[in-house]
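Structure first, commentary second.
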Amino acid sequence: RFLSGAELKPEKISRLTLTRSNQALTFKSWLDLLKLPPPESLTTALLPEFFLGRLDNQANSTLFLLLKVKQPDQGFSGLRQWEKNLPELFQLLTGRTGGQIDSLAPVFQNQLKNNLEQRVLKSGDETILLYAFIDQDTIAITENETTLAEIIARRNN
């Protein structure tokens, strides 16, 4: 279970299912197709299922990714090693580049918000990407703090 079915109007969450030859892709196979392979430490820490979603509200739509981990410490470490590829992944998904960032060496920073440790990539004051463990075995990656807050609210309902 990734998200509860609770509806928090007016936001709507849609699941985007990625397939090839009518077969749902695993996270690793999807990234292999995009030529953005994660470090092996992340791959071995993750379960193959993932949730690619879109949050639609009156202002805009944002994408998010939920990953399940079987080894949280290794998952976090692997994700930190993969940070340099996260902006490119979301740019491929959205077509948006966000703010001006150094794509060769993006710098994520630690942020504590609502008792949740987050890794955040910013351009000036604008959040480009952030990720956090929203529970012991689920990592959420998204483009803004509002989307992360909505995911957490639904997860807790």
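Numbering (our numbering), first residue to last: 358 to 514.
Think of the CB as a built atom: it goes at the ideal place given N, C-alpha and C, for glycine as much as any other residue.
Nothing here was measured: the structure is a model prediction, and the numbers come from that model.
Practice task
For the alpha helix (DSSP H) containing residue 502, list its first residue and its last residue.
Solution key: Residues 502 to 513.
Handout entry: residue 412 classed as buried or exposed, judged by whether at least 16 other C-beta atoms fall within 10 angstroms
Key = The residue in question, residue 412, is buried, as its Cβ has 16 or more Cβ neighbours within 10 Å.
Exercise for the section: Measure the alpha-carbon distance for residue 503 versus residue 467 and round it to whole angstroms. Expected result: Between the C-alpha atoms of residue 503 and residue 467 there is a straight-line separation of about 17 Å.
Problem - Helix, strand or coil at residue 419 [DSSP, three-state] - result: Strand, per DSSP.
Handout entry: Candidates 470, 463, 405, 415, of which the one nearest residue 428 by Cα
Key = Nearest of 470, 463, 405, 415 to residue 428, Cα basis: 405.
Exercise for the section: Starting from residue 402, follow its DSSP beta bridges and name the residues at the other end. Expected result: Note: residue 402 sits in no beta bridge, so no partner.
Practice task
Give a yes or no on whether the C-beta atoms belonging to residue 500 and residue 447 are separated by under 9 Å.
Solution key: A contact, by the Cβ cut-off of 9 Å.
Practice task
Counting only the same chain and skipping the five closest in sequence on each side, list residues whose C-beta sits under 7 Å from that of residue 477.
Solution key: 465, 466, 468, 484, 487, listed in sequence order.
Practice task
For the beta strand (DSSP E) containing residue 493, list its first residue and its last residue.
Solution key: No beta strand (DSSP E) contains residue 493, which DSSP labels as neither H nor E.
Problem - For residue 436, the first and last residue of its enclosing alpha helix (DSSP H) - result: Taken as a continuous stretch (DSSP letters only), the alpha helix (DSSP H) holding residue 436 covers 429 to 438.
Exercise for the section: To the nearest angstrom, report how far apart residue 415 and residue 402 are at their CA atoms. Expected result: In this structure, the straight-line span from the alpha carbon of residue 415 to that of residue 402 is close to 36 Å.
Handout entry: Euclidean distance between Cα positions of residue 444 and residue 419
Key = Cα-Cα distance, rounded: 14 Å.
Handout entry: Cβ neighbours of residue 473 in the same chain (closer than 6 Å, five flanking residues each side left out)
Key = Within the same chain, residue 473 has close Cβ partners 489.
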